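Q:
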Amino acid sequence: MESFEKRIRFRMKAFSILLVVSALLTVSIALWQHSVGEVSGTDEMGSFFKGMIKGMQIGVFLGIFAAMLGFIVQYAKALKNEAALKKLYIEENDERSRLISFRSLSFSFSLILGMVGLAGGIAVFFHAAVAFTLFAVLILMVLTYFISWVIYSRRL
Amino acid sequence: MNTRIPELRKANKLSQEELAQAVGVTRQTITSIETGKYTASLVLAYRIAKYFHLTIEEVFDLSEEAF
Chain A
3 MESFEKRIRF
13 RMKAFSILLV
23 VSALLTVSIA
33 LWQHSVGEVS
43 GTDEMGSFFK
53 GMIKGMQIGV
63 FLGIFAAMLG
73 FIVQYAKALK
83 NEAALKKLYI
93 EENDERSRLI
103 SFRSLSFSFS
113 LILGMVGLAG
123 GIAVFFHAAV
133 AFTLFAVLIL
143 MVLTYFISWV
153 IYSRRL
Chain B
27 MNTRIPELRK
37 ANKLSQEELA
47 QAVGVTRQTI
57 TSIETGKYTA
67 SLVLAYRIAK
77 YFHLTIEEVF
87 DLSEEAF
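Going down the list, the sequences are from chains A and B. Positions in the first sequence are counted from 1; adding 2 to them yields our numbering. Positions in the second sequence are counted from 1; adding 26 to them yields our numbering.
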């Protein structure tokens, strides 16, 4: 339990740094967008999509911000209370939960791989840039899978 | 996989939550093991058996498992 407590303290520090970085990035992007006006490559887009692209960037950073804050609060509570710390330890190390996560990730990865491949195949008929982007993502995903497979096969 | 966990819990007047806490898993894991939805790992099977002062074979029945 002592090593878990140390791990939680380390995570709290790391998430606090991430929280500050994401807050700075959110403010910087908002200011930059305000000064630049429009995001490049959106000239032909309607105002709805232009707004959506701007909103997505801010939304991603705000999402990271909220998630980090949630984790920090949860860890702070756990560090103050021994029972809460044990509960958190069990939740994180429960073997059934780990198996559920592993199977969900494995299934999601296969599904996303198929969907990106299918979308790339369809995009060839409509937009070359979109198709190339999707195929690049597909190659990167497959490459990541093989690299991680090699790493884990050496470890286990 | 058949298990004697519900019977042993009743004999020891233990709830699923209490057993789960004692062996370091969630209550849902104990429920899944008892209903046969989930097969415990060797480490967890050992911990459960040790908790009841029994051997793994005395708690879990692997005879119906397909190899």
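For glycine and all other residues, C-beta sits at the position ideal for the given N, C-alpha and C. What you are looking at is a predicted structure, and each value in this text was computed from that prediction instead of being measured.
#1: Anything in chain A within Cβ reach of LEU70 of chain B, meaning under 8 Å, just list it in chain order.
#2: Measuring CB atoms only, is the stretch 26-38 of chain A touching the stretch 4-17 of chain A, in the sense that at least three cross pairs come out at less than 8 Å?
#3: I believe ILE92 of chain A touches SER24 of chain A by the beta-carbon criterion, under 8 Å. Please report the beta-carbon distance rounded to the nearest angstrom.
#4: Can you give me the C-alpha to C-alpha distance between ARG35 of chain B and ILE56 of chain B, rounded to a whole angstrom?
#5: Is it buried or exposed for PHE12 of chain A, if we count other Cβ within 10 angstroms and need 16 for buried?
#6: Here's the rule I'm using: 16 or more other beta-carbon atoms within 10 Å means buried, otherwise exposed. How should ILE160 of chain A be labelled?
#7: May I ask you to list, following chain order, the residues of the stretch 40-51 of chain B that have a beta carbon less than 9 Å from some beta carbon of chain A?
#8: Using 8 Å as the cut-off, can you tell me whether the stretch 101-120 of chain A makes contact with the stretch 135-144 of chain A, which would need three or more C-beta pairs spanning the two stretches below that distance?
#9: Answer yes or no: do THR65 of chain B and ILE74 of chain B have a C-beta to C-beta separation smaller than 9 Å?
#10: Let me see if you follow: with CB-CB separation under 9 Å, is ILE92 of chain A close to chain B or not?
#11: Measure how close the beta-carbons of LEU90 of chain A and ALA80 of chain A come, nearest whole angstrom, since I'm counting them as under 8 Å.
#12: With a 10 Å radius around its C-beta and 16 neighbouring C-beta atoms as the bar for buried, classify VAL22 of chain A as buried or exposed.
#13: So LEU70 of chain B packs on VAL49 of chain B, CB below 8 Å; how close in whole Å?
A: Looking at the coordinates:
#1: GLU97
#2: no
#3: Their Cβ separation, rounded to whole angstroms, is 29 Å, which puts ILE92 of chain A and SER24 of chain A out of contact at 8 Å.
#4: 11 Å
#5: exposed
#6: The requested residue 160 of chain A does not occur in the structure, where chain A is confined to residues 3 to 158.
#7: ALA46, GLN47, GLY50, VAL51
#8: Yes, the stretch 101-120 of chain A touches the stretch 135-144 of chain A.
#9: no
#10: yes
#11: 5 Å
#12: exposed
#13: 7 Å
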